[in-house]
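Notes follow the structure.
In mature numbering (1 follows the signal peptide of the UniProt record, and there is no 0), the protein residues as written are -32 to -1, 1 to 228.
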């Protein structure tokens, strides 16, 4: 009897453990799906991090250049929401049927500025005839890669409009994101850089020495959308929160314009 009783106890324990592991396996993916996963342009970091804290529910954000994020979405990277720093990369994703229909909107606006290290912060009058090459004195101009990173594309357009691009094109240090370009200036590796006003405000190591007129480049628009493969049940509510008056101050504080 003792042997049989021990055997039954052993069987019961094993069965209970198996049942627990089975339930845990079922709960794991469901729990993971509760988190909203966001792919956001690198320039969103400070504002979005603060907004997410106020949201109060789990949010996982991957920050990078919009171009890199769009390519990751294209190759199947799991995400619920995409925030691009320009319309082109959102269109790239939407054209591949990777955006949930009816969820895309133009959400935020921004500006591009010329920055320098704090100890080289003399004001620069940004106007046609700008001698940016003379200001660089052989140094590098830090900016997002002009052919792919939105901030770099805006910067190139502005310099072309001002007649300064041809003289500085070979001096450009094209960074993988606007934050990477900002870091080059902050660390003293480039005397000047072109970044978003919001990024400049986030780095105490740089100073804004000039703002590019809005008519020198296409409007800077950050579109936002739910992705077609979204799995989190909180995605729609989170998107609604980001676009609400409750969240707006977090973005306005960093220098974004909330578009109506």
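Quick reminder that beta carbons are idealized off the backbone N, C-alpha and C, glycines included.
Predicted model only: the values in this text are computed from it and were never measured.
Whole-number beta carbon distance between residue j and residue i, since they are thought to touch under 8 Å
i: residue 146; j: residue 83; result: Contact doesn't hold; Cβ gap of about 11 Å is too wide.
i: residue 142; j: residue 112; result: 7 Å
i: residue 218; j: residue 88; result: The pair is not a contact, with the Cβ atoms about 31 Å apart (cut-off 8 Å).
i: residue 184; j: residue 129; result: 4 Å
Per-residue DSSP class, three states only, for residue i
i: residue 27; result: strand
i: residue 61; result: helix
i: residue 74; result: strand
i: residue 191; result: strand
i: residue 43; result: coil
i: residue -11; result: Summary for residue -11: the model assigns pLDDT 40, below 50, so the residue's position carries little reliability; its value from the coordinates is reported in the next sentence. It is helical.
i: residue 123; result: helix
i: residue -2; result: With a pLDDT of 46 at residue -2, under the threshold of 50, the modelled position of this residue cannot be trusted; read the value that follows with caution. Three-state DSSP puts residue -2 in a helix.
Residue i classed as buried or exposed, judged by whether at least 16 other C-beta atoms fall within 10 angstroms
i: residue 25; result: exposed
i: residue 106; result: exposed
i: residue 166; result: buried
i: residue 151; result: buried
i: residue 172; result: exposed
i: residue 222; result: buried
i: residue 114; result: buried
i: residue 205; result: exposed
i: residue 200; result: buried
i: residue 228; result: exposed
CB of residue i within 9 Å of CB of residue j, strictly
i: residue 37; j: residue 52; result: yes
i: residue 108; j: residue 158; result: yes
i: residue 99; j: residue 135; result: yes
i: residue 194; j: residue 81; result: no
i: residue 78; j: residue 209; result: no
i: residue 144; j: residue 33; result: yes
i: residue 42; j: residue 21; result: no
i: residue 47; j: residue 197; result: yes
i: residue 7; j: residue 45; result: yes
i: residue 164; j: residue 153; result: no
i: residue 170; j: residue 14; result: yes
i: residue 116; j: residue 35; result: yes
Of the listed residues the options, nearest to residue i (C-alpha basis)
i: residue 72; options: 54, 85, 80, 214; result: 54
i: residue 132; options: 226, 174, 102; result: 102
i: residue 95; options: 5, 180, 27; result: 180
i: residue 119; options: 5, 16, 168; result: 168
i: residue 215; options: 76, 97, 28; result: 76
i: residue 3; options: 12, 11, 30; result: 30
i: residue 49; options: 225, 211, 220; result: 211
Within-9 Å CB hit, residue i to chain D
i: residue 159; result: Given the protein chain composition of this structure (a single chain), no chain D is represented.
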